[in-house]
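Visitor:
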Amino acid sequence: MTRRKRQEAPPSIRDAARQVIGVTLASFAMAASSQAAQPRERLTAESVFTRADANHDGRLSKAEVARFPVFAEKFDQLDTDHDGALDLAEFEAGFNAPQ
Ligand SMILES: [Ca+2]
Ligand SMILES: [Ca+2]
């Protein structure tokens, strides 16, 4: 007559919930630890350099720097050894220089 089986949450939902909670906890822990290391997301010369270095050869060509007008217009000035590319040290000097 009456159905004995009550509706239970299908395992998929439980798994999904557990996953969400797990991810939330993981990202929370990550945020907490990275916040301890450095407040907010701070852009360092190195992180910008790595992002700008499209072909990952450790140097920024003029074409790669073209996406960053601030550095593009200072390119020749920053390229202190005049080899036509910026290495991290050269980029860092420009990055940290007062505007
Ligand atoms: Ca490059
Ligand atoms: Ca150079």
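With the working numbering applied, the sequence shown corresponds to residues 223 to 321, in that order.
The beta-carbon is built from N, C-alpha and C at its ideal position, and this holds for glycine as well.
1. Between A311 and D303, what straight-line distance do the alpha-carbon atoms span, to the nearest angstrom?
2. From the DSSP output, in three-state form, read off D309 for me.
3. In chain order, what are the residues with a CB under 6 Å from some non-hydrogen atom of ligand 2?
4. Comparing the CB of L265 with every heavy atom of ligand 1, is any distance shorter than 7 Å?
5. Measuring CB to CB, does L300 end up less than 8 Å from F293?
Guide: On the basis of the coordinates in this document:
1. 11 Å
2. strand
3. D301, D303, D305, A307, L308, D309, E312
4. no
5. yes
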